[in-house]
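Have a look at the structure below before the remarks.
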Amino acid sequence: MQLDEMTGGIIQQRKQLQSSGPLEGKKGQYEKLLHVLQKEPKYLACLAHHVETKDVSDFVKTVVFDMYGDQYDNREERLLLILFQTVLQKSFDEADDIGSFMRANTAITQMLSAYARRGQGLGVLRDILEKPIREMVQQNSLNLEINPVEQKKKIKHDYDQWTEQSKTEKTIK
Numbered sequence: 005m006q007l008d009e010m011t012g013g014i015i016q017q018r019k020q021l022q023s024s025g026p027l028e029g030k031k032g033q034y035e036k037l038l039h040v041l042q043k044e045p046k047y048l049a050c051l052a053h054h055v056e057t058k059d060v061s062d063f064v065k066t067v068v069f070d071m072y073g074d075q076y077d078n079r080e081e082r083l084l085l086i087l088f089q090t091v092l093q094k095s096f097d098e099a100d101d102i103g104s105f106m107r108a109n110t111a112i113t114q115m116l117s118a119y120a121r122r123g124q125g126l127g128v129l130r131d132i133l134e135k136p137i138r139e140m141v142q143q144n145s146l147n148l149e150i151n152p153v154e155q156k157k158k159i160k161h162d163y164d165q166w167t168e169q170s171k172t173e174k175t176i177k
């Protein structure tokens with residue numbers, strides 16, 4: 005007589021319980037969920053706007069490096085770019101003004117930064133941004149100063165010159 009038969013099948017039951025575990029059967033459901041999230045970037049795009057600050061780093065790593073980590077797989081790369089397009093469009097639509105667009109350190113900005121550090125991501129950004137940036141920099145009259153104090157000095161100087169010129173024109177007439 006075997007030991008299992010003597011114990012009334014308790015050993016066999018314990019082995020079955022150990023092999024099944026609390027997540028048995030749910031693994032397939034999680035696989036399906038992850039597949040849908042990867043295949044339909046619109047869901048991750050919606051989630052990106054609701055990620056709490058403390059979870060941003062983990063979210064970015066999961067999305068950019070785990071879910072769409074194979075930068076040489078055209079399908080994954082295309083899906084990741086669709087995700088960015090969706091997220092950016094929503095951010096643009098919700099921005100109060102152009103000055104507030106992409107200013108916060110959110111999941112979206114960090115995802116774009118992580119993407120830019122990947123091999124192909126850097127090339128894509130260079131291809132997209134090189135021409136407009138070059139055209140912008142070549143404009144001689146464009147003021148790229150971002151320091152508010154310097155901006156105020158420039159505005160005051162321009163105003164003073166304008167008023168001085170107006171006074172001169174009035175005295176000539």
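Here the sequence shown is numbered in this note's numbering, starting from 5 and rising by one per residue.
Every residue gets a Cβ at the ideal spot worked out from N, C-alpha and C, and that includes glycine.
Keep in mind the model is a prediction, meaning the values are calculated, not measured.
For GLN93, which of helix, strand or coil comes out of DSSP?
Here residue 93 refers to the residue found at position 89 when the sequence shown is read from its first residue. GLN93: helix per DSSP, three-state reduction.
Whose CA, out of VAL128, SER95 and ALA111, lies closest to the CA of GLN75?
Against the sequence shown, residue 75 aligns to sequence position 71. The shortest Cα separation from GLN75 among VAL128, SER95 and ALA111 belongs to VAL128.
Could you tell me which of LEU38, ILE112 and ILE150 sits nearest to ASP70, measuring between CA atoms?
If you number the sequence shown from 1, residue 70 lands on position 66. For ASP70, the nearest C-alpha among the options comes from LEU38.
List the whole-angstrom C-beta distance separating VAL67 from MET115, where the pair is believed to meet the contact cut-off of C-beta under 8 Å.
Working through the sequence shown from its first residue, we reach residue 67 at position 63. Working through the sequence shown from its first residue, we reach residue 115 at position 111. That belief holds up - the Cβ atoms of VAL67 and MET115 are roughly 6 Å apart, short of 8 Å.
Since GLY171 is in the alpha helix (DSSP H), which residue starts that stretch and which ends it?
On the sequence shown, residue 171 is found 167 positions in, with the first residue counted as 1. For clarity, residue 171 is Lys in the given sequence; the question names Gly instead. Note, LYS171: alpha helix (DSSP H), 152-176.
Ignore the nearest five residues each way along the sequence and tell me which others in PRO120's own chain have a CB closer than 8 Å to its CB.
On the sequence shown, residue 120 is found 116 positions in, with the first residue counted as 1. Just to set this straight, residue 120 is Ala in the shown sequence, not Pro. Same-chain partners within the cutoff: LEU126 and LEU129.
Integer-rounded CB distance, given that VAL60 should sit under 8 Å from THR110
Taking the first residue of the sequence shown as position 1, residue 110 is located at position 106. Taking the first residue of the sequence shown as position 1, residue 60 is located at position 56. At roughly 7 Å, the Cβ-Cβ gap stays under 8 Å, so THR110 and VAL60 are in contact.
Going by alpha carbons, who is nearest to GLU98 out of ASN147, CYS50, ALA118 and GLY32?
Taking the first residue of the sequence shown as position 1, residue 98 is located at position 94. The shortest Cα separation from GLU98 among ASN147, CYS50, ALA118 and GLY32 belongs to CYS50.
How would you label PHE96, buried or exposed, when you count the other beta carbons within 10 angstroms and need 16 or more for buried?
Taking the first residue of the sequence shown as 1, we reach residue 96 at position 92. With fewer than 16 Cβ atoms within 10 Å of its Cβ, PHE96 is classed as exposed.
CB-CB length for HIS45 against LEU83, believed under 8 Å
If you number the sequence shown from 1, residue 45 lands on position 41. If you number the sequence shown from 1, residue 83 lands on position 79. In the sequence as presented, His is not what sits at residue 45; that position holds Pro. Their Cβ separation, rounded to whole angstroms, is 5 Å, which keeps PRO45 and LEU83 in contact under 8 Å.
Helix, strand or coil, according to DSSP, for LEU85 in the structure here?
By one-based count along the sequence shown, residue 85 stands at place 81. Residue state, collapsed to three classes: helix.
Is the CB-CB distance between ALA52 and LEU87 below 9 Å?
The residue labelled residue 52 in the question sits at position 48 within the sequence shown. The residue labelled residue 87 in the question sits at position 83 within the sequence shown. It is a contact, given that the beta carbons lie within the stated cut-off.
How big is the Cα-Cα spacing for LEU133 and LYS174?
Here the question's residue 133 lines up with position 129 in the sequence shown. Here the question's residue 174 lines up with position 170 in the sequence shown. Going by the C-alpha atoms only, they are around 47 Å apart.
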